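Here is the structure we will look at, set down as structure tokens.
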Amino acid sequence: MSKHQGTAKMTRPVQRILLVDDDEMVRNTTKEILKYLGYEVTVACGGEEAIEIYKNKKNQIDLLIIDLIMPKMNGVTCFESLKKLDPKVPVIISSGISEISKKESILQMGVAAFIQKPFTIDVLQSTLSSL
299 MSKHQGTAKM
309 TRPVQRILLV
319 DDDEMVRNTT
329 KEILKYLGYE
339 VTVACGGEEA
349 IEIYKNKKNQ
359 IDLLIIDLIM
369 PKMNGVTCFE
379 SLKKLDPKVP
389 VIISSGISEI
399 SKKESILQMG
409 VAAFIQKPFT
419 IDVLQSTLSS
429 L
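For the sequence shown, our numbering begins at 299 and goes up steadily by one.
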């Protein structure tokens, strides 16, 4: 399980995370892991919900973790919409895709990091700590 770093860097420690994933099991498991690691977590079931939450709680969210493949609005579209609201918003894209070219193009968009699913607690913690 690998992680890849992008270009965006955090200017303060991550404490509050908006987790966006359409898969309830993945969402709940990742939320519990993040809480175990000491983060405050808000969840969204999809991109549209994430944008609404971010609009209302922008100052209460330090970072977003967004699933790449979701119905209605995928992770890339969600990321692009969030960037229009806040060009400096830090985002980690997570996905089960294994195609290297897709990962590289996602990182070139300016995401903070890409994390390959399934990921371990250690990989998630390491990715978050590196931002």
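Quick reminder that beta carbons are idealized off the backbone N, C-alpha and C, glycines included. Owing to the predicted nature of the structure, the values given are computational and were not obtained by experimental measurement.
Can you tell me which of the three DSSP states Thr340 falls into?
As a working mapping, residue 340 is identified with position 42 in the sequence shown. In the structure shown, Thr340 sits in a strand (DSSP, three-state: E or B).
Gly345 and Cys376 look like a contact to me (Cβ under 8 Å); what is the Cβ gap, rounded to whole Å?
Counting from one through the sequence shown, the residue named residue 345 turns up at place 47. Counting from one through the sequence shown, the residue named residue 376 turns up at place 78. Right, the Cβ-Cβ distance comes to about 3 Å (below 8 Å), so this counts as a contact.
Ordered along the chain, which non-local residues of its own chain (more than five positions away) have a Cβ less than 6 Å from that of Ser379?
Taking the first residue of the sequence shown as 1, we reach residue 379 at position 81. The beta carbon of Ser379 sits closer than 6 Å to the beta carbons of Ile349 from its chain, once the five residues preceding and following it are set aside; these are given in chain order.
Determine the DSSP secondary structure at Ala410, reduced to helix, strand or coil.
For the purposes of this step, residue 410 is taken as residue 112 along the sequence shown, with counting starting at 1. Taken through DSSP and simplified to helix, strand or coil, Ala410 comes out as coil.
Candidates Leu383, Glu402, Ile363, Gln406: which alpha carbon is nearest Val260's?
Lying outside 299 to 429, the shown extent of the chain, residue 260 is not represented and no answer is given.
What three-state label does DSSP hand Val324 in the structure shown?
Translated into positions along the sequence shown, residue 324 becomes position 26. Here Val324 sits in helix by DSSP.
Using CA coordinates, which residue listed in Ala342, Leu317, Cys343 is at the minimum distance from Ile331?
As a working mapping, residue 331 is identified with position 33 in the sequence shown. Checked all of Ala342, Leu317, Cys343; the closest Cα to Ile331 is Leu317.
Could you check what DSSP says for Leu335 in three-state terms: helix, strand or coil?
One-based indexing of the sequence shown puts residue 335 at position 37. Leu335 falls in the coil class under three-state DSSP.
Taking the Cβ atom as the reference point for each residue, do Asp360 and Val312 lie within a distance shorter than 8 Å?
Sequence index remark: in the sequence shown, residue 360 carries index 62 (1-based). Sequence index remark: in the sequence shown, residue 312 carries index 14 (1-based). Yes, these two residues count as a Cβ contact at 8 Å.
Identify every run of the alpha helix (DSSP H) within the region 355-412, keeping only runs that are complete inside it and at least 4 residues long; order them along the chain.
Those alpha helix (DSSP H) runs which fall completely within the region 355-412 and span 4+ residues are 373-383, 398-406.
Buried or exposed: where does Ile419 fall if 16 or more other Cβ atoms within 10 Å of its Cβ makes it buried?
The count along the sequence shown starts at 1 and reaches residue 419 at position 121. Under this definition Ile419 is an exposed residue.
Please name the residue or residues paired with Leu429 in a DSSP beta bridge.
Numbered from 1 along the sequence shown, position 131 holds the residue referred to as residue 429. Leu429 is not bridged to any residue.
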